Amino acid sequence: MREFTVNFTSQKKAVKVPHGTDVLTAAVKAGIMLHASCGGEGLCGKCKVLIGGKEALACQSIVSRDIDVSIPKGSLETHAKLKAASEEFTRGAVLEREKAFAFSPMVRKEYLELSGPTADDNLSDLERIYRQIGRKFHNVHVSTNLANIKHLSEVLRDSDFKVTVSIGSKDEAAEILSIEPGDTKNKNFGFAFDIGTTTVAGQLMDLATGDILGSRIAFNKQASYGSDIITRIIYGSTPEGLKTLNEAVLDNMNEMIEDLTKAHNVNLADIYAVSCAGNMTMMHLLLKVDPANIRKAPYIPTSTVFETVHAPEAGLKMNPKGIVSFIPGVTTYIGGDIVSGVLACGLSESDDITLLVDIGTNGEIVLGNREWMIGAAASAGPAFEGSGLTSGMKAVNGAIQKVEITKSLEVKASTIGGERPKGICGSGYIDLLCQMLKAGIIGRDGKINRDLKSKNIRETDTGYEFVVADKITVNDDDIENLKRSKGAIYSAIISLLNKVDKSLDEVRKIYIAGGFGNYLNIENAIFIGLLPDAARDRYEFIGNSSLAGARMSLLSHDAYLKTHEIYRNITYIDLSAENSYMDEYVASLFFPHTDLGRFPSVRL
Amino acid sequence: MALTGLDIYKLLPKTNCKDCGFATCLAFAMALAQKKVSLDKCPHVSAQAKDALESAAQPPVKLVTVGTGDTKLEMGNETVMFRHEQKFFHPSGIGILVEDTLSEADITAKLSAINALTFERVGQRISVNLACLKNTSGDKDVFAKLAARVASSTKLNIALLGGDAAAVSEAIKSCKDRRPLVIWDGSGSVEPFINAAKENKVPIAITCAGPEEAAQMTEKVKAAGVEEIVINFKGDNISARIQDFTFARRTALKKGARSLGYPFMAITSPAGPHAELAEAASYVSKYASLVIIRNTDREFVLPLLVVRQDIYSDPQKPVQVEAKIYEIGKVDKSSPVLVTTNFSITYFTVAGEVESSKVPSYVICCDSDGMSVLTAWAAEKFTPEKIDETVKKLGIGKLVAHKRLVIPGYVSVMSGRLEEVTGWKIAVGPREASGIPNYLRNLK
């Protein structure tokens, strides 16, 4: 097949693609992220580019010769540098939790000085190694593959019987992944990944010491084929679509691996282990497993558990003998990311009743302790990820994340990175709603007060809107949308408590995880009725708990085994089948709630 | 006191073996607490736990079955006071009183009238369930003959009402294989009625003055060996009966009183057809599992069956509107055509906004199993192919002179494909219904 070069002039990047490829796909291949929320159907009109100076939609333009493409700024996904220090990913109690499990990384390296064979000690080369390992690791069944055995005699004799074996832990067994001459014990690295619908986060770990060497976060490249999960599942329902989505996320991960190994002078061949956590759809797409039935009633995934695989099967750039593991999930709606979060916050080992609320595109909630756990997903919608709102955006540079409103109804907004405001992110909306309520701009029903005289309150075709900053507004429909989101999460929490006849007061610890960047004002979240009015010292914002759990599983095989215990022990509650959930939900469609008695600390 | 899901969980093996069909022991325990499943589904439960769980595992309202086969009437097994808490399981049976003093010709007419009391409503068949034969004549042969006749000439379930045990026993024999309900009318002695029910293995209804008497009586009947019991509250008037029903049901459900954990029945008082309909509807809405009426006029029976259908529908299933073309305002050939799903709230919201726009329009509801727009789209119930099929089937093309469909803004992503399959021009409407008036006014 003929290939053509697509030259992205503004990015100074060129790629060769086969005849017939569309420009959107070529851009993704070149590592350039274009807006395309419709999934490349030619409908949203967001992927406008200039091809040879003429305006066209990238997804509808087919490459049939060498072309120059220039991309206007508006079509680029905001590629603002996402800050990536590990302490911003996970916070507080979770960092302490990592010490709870014995250090036994997914891949261990052992330096062995073997005695050579003699007439009296006539064990085979391989048995010789097993004997030595057996001396060090009891009760573990060890095996290895033929490729290692084929090279074994040569490796042993060349190295004077001094070798380093890397041993990968796979559930109850262990496998010798590689046998290298000499002492390479300190060259043992791994990656932990959280694969989210919107963002992918990764960390390079030193498996010899347990240290975090570096972190990266990036937008999931699959977003170019649909920003929401349903569009993506539809896209992935054909073999070609599935392949494209799979390659997109692998690209994300491989870029991070290359980027971080380069930055920290680590050889790619020294990456032996990767641990991944993600929601059910992301796991299916990562492993190229058909996700189609996830969106069709009765919403059944192909599998919730995926065996540890070798690197080539996973398609990751690392030592080909290395292994990749996946945190298991419970159901379609409670994926490995939540099981990972439960591991990270310690809910499954707590004597006290603990609550974990992960606020992302869905609000996932787990309640319980060491004896029992129940979990549910609230279809909160992506409003708190800044999606589907007039001025909503992700928590990146330029997003308003803190808001104050003065008595004269002037708005003081501060943005991430201190840049000129481009939109409002989830934590910004929480602050905004709280301040608008306090200032009387909206009533408890969420409607903008039409009698208030202010230049910032304007009538529009569909109702009223409030001006937050230049070209940034919030209107009646936005507030309605946010109200439904917060109501869905709050009522899911209360429904779970009701399900086991527990009161809010009996919950000793409440962990909030999710994509709020690194700022969430719990007080304000309670004020608008997103979170229940519990004692503030019981709340803790823990950031990306999914990544923390993946990291813990990478560093401790006990932690990994624990995730298999956790997923089996979480009882999934289908809230849509609970009549009381609908009652709770409708009752919560007020700020903070129709029943003010539930929010004694909120003074309006 | 009823055990909670967590209480029961503590007594289970906690192995999550899934042999019961549930994913975890806790899920099973919760279903058990809600009486949605029986304990014997768990093959591993210990004898000790079994004893502790026995009371919690039993349904709080005993299931009583009258009749056999497809048309049998099941009563009881209710678990909630209010429909919205979960659902009601068994719709009230409606029975027609037939006295054995009627002339041969009148009986023929009455039975054919009862047989004809069957209607179709929102796609479901609704009918009366039972003929309640009353021994007014005092003659046991006449009564037995009537029972035999009803058994042989109709498929109706049968209840035998009287105070003379000899007459009722005789009648049971002539329709025994139809598993009739024996109703003791409260006169004379109850013992021979209990014996007749026990001997013939049929359920019994006992007439009582109030909950206290009922509790004593059911204990007595149960001790005598009859398990399937219905309580017929006598009550002085409608409100006294409703009070008895409510008190007895609440005591059974909330306090776990086994002696009141049975289905209830009532027989309407002799009154005009309007008063009787009102009375019967009151009992249907407040806990009567069987209501016996006298009137067989279709115009009075249908409303009663509709009340029953509405109360006993499952509120967990979304309410749907008919999938068809709705005309809003004075539509003509140029009126816009809006497409949405058949979830009732979706339709009524859209219809309301179209009305307030004052732009006459057609609204087509596609059958989406009652799901709202985004849910239906995500679950593949609202797809371009499905819309195409609906549009063609309903023949909107004959009603309008244009070829343009307006679809909800939330499914804008399907507009391209929809245009391809329908050949119609697709316009993307607003995401929220609140934007419809403005949208329609500016639609050129």
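Keeping their order, the protein sequence lines are chains A and B. Per the numbering used here, residue 1 is the first one in the first sequence, and the count goes up by one each step. Per the numbering used here, residue 1001 is the first one in the second sequence, and the count goes up by one each step. Cβ coordinates follow ideal geometry from the N, Cα and C atoms, glycine included. Computed from a predicted structure; not experimentally measured.
For VAL1142(B), the enclosing alpha helix (DSSP H) covers residues 1140-1153. Beta-bridge pairing by DSSP links ILE359(A) to GLY363(A), GLY514(A). Residue pairing by DSSP puts LYS54(A) in a beta bridge opposite ILE51(A).
Runs of the alpha helix (DSSP H) spanning 4 or more residues and lying entirely within the segment 1017-1064 of chain B occur at 1025-1033, 1047-1057, in chain order. Residue environment analysis places LYS486(A) among the buried positions, since at least 16 neighbouring C-beta atoms fall within 10 angstroms of its C-beta. With a cutoff of 9 Å on beta-carbon distance, ILE1293(B) and ILE1094(B) are scored as near each other. Taken through DSSP and simplified to helix, strand or coil, ASN246(A) comes out as helix. The continuous beta strand (DSSP E) containing GLU1099(B) extends over residues 1093-1099. The secondary-structure analysis by DSSP pairs GLN1124(B) across a beta bridge with ARG1121(B). Residues VAL403, ILE424, VAL468, VAL474 of the same chain have their beta carbon placed closer than 7 Å to that of LEU432(A), with the five preceding and five following residues left out of the count. Under the DSSP assignment, ASP194(A) falls in the beta strand (DSSP E) whose first and last residues are 189-195. SER159(A) carries a coil assignment under DSSP once its states are collapsed to helix, strand and coil.
For GLY341(A), the enclosing alpha helix (DSSP H) starts and ends at 336-345. Contacts between GLY463(A) and chain B, judged by CB atoms closer than 7 Å, involve SER1434 in chain order. Taking a beta-carbon distance threshold of 9 Å, ASN1438(B) counts as an interface residue toward chain A. Cβ-Cβ distances below 6 Å link ARG108(A) to ILE167 in the same chain, with the five nearest sequence neighbours on each side left out; the list follows chain order.
Taking C-beta atoms as the reference points, LEU554(A) and MET106(A) count as a pair closer than 9 Å. Of the other Cβ atoms in all chains shown, 16 or more fall within 10 Å of the Cβ of GLY335(A); this residue is therefore buried.
Taking a C-beta distance under 9 Å as the contact criterion, ILE1364(B) and VAL1391(B) qualify as a contact pair. Residue nearest to LYS1324(B) within the set ASP1367(B), ARG1298(B), LYS1041(B) is ASP1367(B) (criterion: CA-CA distance).
Setting aside the 5 residues that flank it on each side, GLY443(A) is surrounded in the same chain by ASN449, each with a C-beta closer than 7 Å to its C-beta; the list follows chain order. In the three-state reduction of the DSSP assignment, PHE4(A) falls in the strand class, which pools E and B. Note on geometry: alpha-carbon atoms of ARG131(A) and ALA174(A) lie some 14 Å from one another. About 6 Å separates the Cβ atoms of THR563(A) and PRO328(A), confirming a contact at the 8 Å cut-off. Only ASP476, ASP477, GLU480, ASN481, LYS499, VAL500, ASP501, LYS502 from the segment 475-507 of chain A bring a Cβ to less than 9 Å from some Cβ of chain B. LEU1006(B) has a beta carbon lying within less than 9 Å of a beta carbon in chain A.
Within the segment 1168-1219 of chain B, the complete beta strand (DSSP E) segments of 3 residues or longer fall at 1181-1184, 1204-1208, listed in chain order. DSSP places PHE466(A) inside the beta strand (DSSP E), whose first and last residues are 463-469. For ARG1308(B), no beta strand (DSSP E) run applies; the uninterrupted alpha helix (DSSP H) run containing it begins and ends at 1298-1311, by DSSP. In this structure, the CA atom of LYS221(A) is about 13 Å from the CA atom of LYS243(A).
Cβ neighbours of LEU520(A) within its own chain (closer than 6 Å, five residues either side excluded): SER427, PHE541.
Rounded to the nearest angstrom, the gap between the Cα atoms of SER387(A) and THR198(A) is 11 Å.
For VAL63(A), the three-state secondary structure derived from DSSP is coil.
Inter-residue distance for LEU1418(B) and PRO1384(B) is about 5 Å (C-alpha atoms, whole angstroms). Identification of chain B residues near LYS296(A) by a Cβ-Cβ cut-off of 7 Å yields ALA1379, GLU1380, ordered along the chain. In this structure, DSSP gives TYR1262(B) a state outside helix and strand, which the three-state scheme calls coil.
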